[in-house]
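Beneath this line is the structure, given in structure tokens, with notes to follow.
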Amino acid sequence: LNPGVGVRENIDTWAWRPDKLNNQLTPLRGKPQIQFTQNWPRLDGATAAYPIYASAFYALSVIPEDFHVWDYLDNSRTQEAYNKIVNGDADIIFVAQPSDGQKKRAEKSGVTLLYTPFAREAFVFIVNADNPVNSLTEQQVRDIFSGAITNWRAVGGDDQEIQTWQRPEDSGSQTVMLSQVMKNVRMISPQETEVASVMEGMINVVAEYRNTKNAIGYTFRYYATQMNADKNIKLLAINGIAPTAENIRNDKYPYIVDALMVTRENTTSETQKLVEWFLTPQGQSLVEDVGYVPMDKTLH
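Residue 300 is where the sequence shown ends in UniProt numbering, and the numbering goes up by one at each step.
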């Protein structure tokens with residue numbers, strides 16, 4: 001990435017369609033153990049989870065000719081997916097943990113949400129590949145994002161001001177950053193950029209990561225290494241422990257999170273069937289084949 005290019009946390013979902021040549025769908029191991037021929041569960045979720053739930057949807061669904069896929073398979077990202085599950089416009093969302101605001105909105109709406117982990121994931125810090133720093137301690141990360149450390153030299157790097165990049169409030173990565181990394185330490189204000197909004201004219205939003213020599217940002221391992229892989233970005237070790245699949249499996253990496261299926265209480269039988277399928281060996285094998293670390297440790 002040159003300094004003018006950033007990491008965009010959205011994708012072209014057309015790459016995960018069965019009618020697209022050389023599509024990126026991951027096939028199941030063996031014949032599908034369940035199939036949906038009607039009452040298909042409506043799926044939505046985070047960008048980084050789309051390859052999993054899109055692959056499952058197409059592998060397990062018998063789809064008639066006049067079928068409108070977008071009524072059942074959407075990728076409106078974490079914030080909107082949580083709104084949709086609360087409003088009853090989705091049956092399962094595939095996301096990271098909810099923010100305090102998302103929990104409160106569900107409570108206020110009188111909706112009980114159920115959280116079922118389906119994969120394990122690492123929350124990772126990304127820098128320019130030319131940055132000489134390869135590892136930070138948990139305390140150094142907190143100090144950088146609270147503004148206590150402002151120069152890379154303080155953590156063994158070049159004499160350069162640190163440029164921090166954050167994610168929008170209620171996004172999956174921002175929620176994990178606040179709850180697991182910062183804990184009760186206040187973050188510095190995020191960099192913002194002006195964008196045009198149809199409803200409100202020009203508005204300020206949290207700026208996306210730009211891979212300059214002095215940048216540091218955060219995201220999830222799968223997104224950084226598979227969906228948005230770039231040789232000009234590297235993942236930092238934390239406390240000297242790299243965010244590898246092995247270090248997620250053995251619980252050594254400090255920032256491990258569960259990827260969740262979120263459903264409403266008293267959901268449909270088809271929805272429950274799909275949630276349960278994801279925890280079977282076939283479902284967990286799909287999770288692994290897509291590139292996540294499965295919950296089921298017996299796969300290794």
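The beta carbon of each residue, even a glycine, is placed where N, CA and C say it ideally should be.
In the structure shown, the three-state DSSP call for phenylalanine 145 is helix. Secondary structure note for lysine 234: its beta strand (DSSP E) is the uninterrupted segment 233–235.
Around arginine 42, the same chain offers Tyr72, Ala90, Asp91 as residues with beta carbons nearer than 6 angstroms, after the five sequence neighbours per side are excluded. Its chain contains Leu260, Val262 as the residues whose beta carbon lies nearer than 6 angstroms to that of tyrosine 115, once the 5 sequence neighbours on both sides are disregarded; these appear in chain order.
For alanine 259, the enclosing beta strand (DSSP E) stretches over residues 256–264. The beta carbon of asparagine 232 sits closer than 7 angstroms to those of Leu1, Asn128, Ala129, Asn211, all from its chain and outside the five residues before and after it, given in chain order.
In this structure, DSSP gives arginine 17 a state outside helix and strand, which the three-state scheme calls coil. Glycine 30 is classed as exposed because its beta carbon has fewer than 16 other beta carbons within 10 Å across all chains shown. CA-to-CA, the gap between threonine 37 and glycine 88 works out to about 21 angstroms.
Nearest Cα to alanine 148 within the set Arg186, Ala122, Phe123: Arg186. Between the alpha carbons of tyrosine 253 and aspartate 66 lies a gap of roughly 47 angstroms. Counted as a single uninterrupted DSSP element, the stretch harbouring glycine 110 is not any alpha helix (DSSP H), since DSSP gives it neither H nor E. Boundaries for alanine 81: no beta strand (DSSP E) harbours it, while the alpha helix (DSSP H) harbouring it runs 77–87, taken from the DSSP string.
Listed in chain order, the non-local C-beta contacts of leucine 28 below 7 angstroms within the same chain comprise Ala59, Gln282, Leu286, local neighbours out to five positions each way being set aside. Using a Cβ distance threshold of 8 angstroms, phenylalanine 118 and phenylalanine 278 count as a contacting pair. It is roughly 36 angstroms from the alpha-carbon of glutamate 288 to the alpha-carbon of glycine 156. About 4 angstroms separates the beta carbons of glutamine 174 and arginine 167, which is inside the 8 angstroms limit, making them a contact pair.
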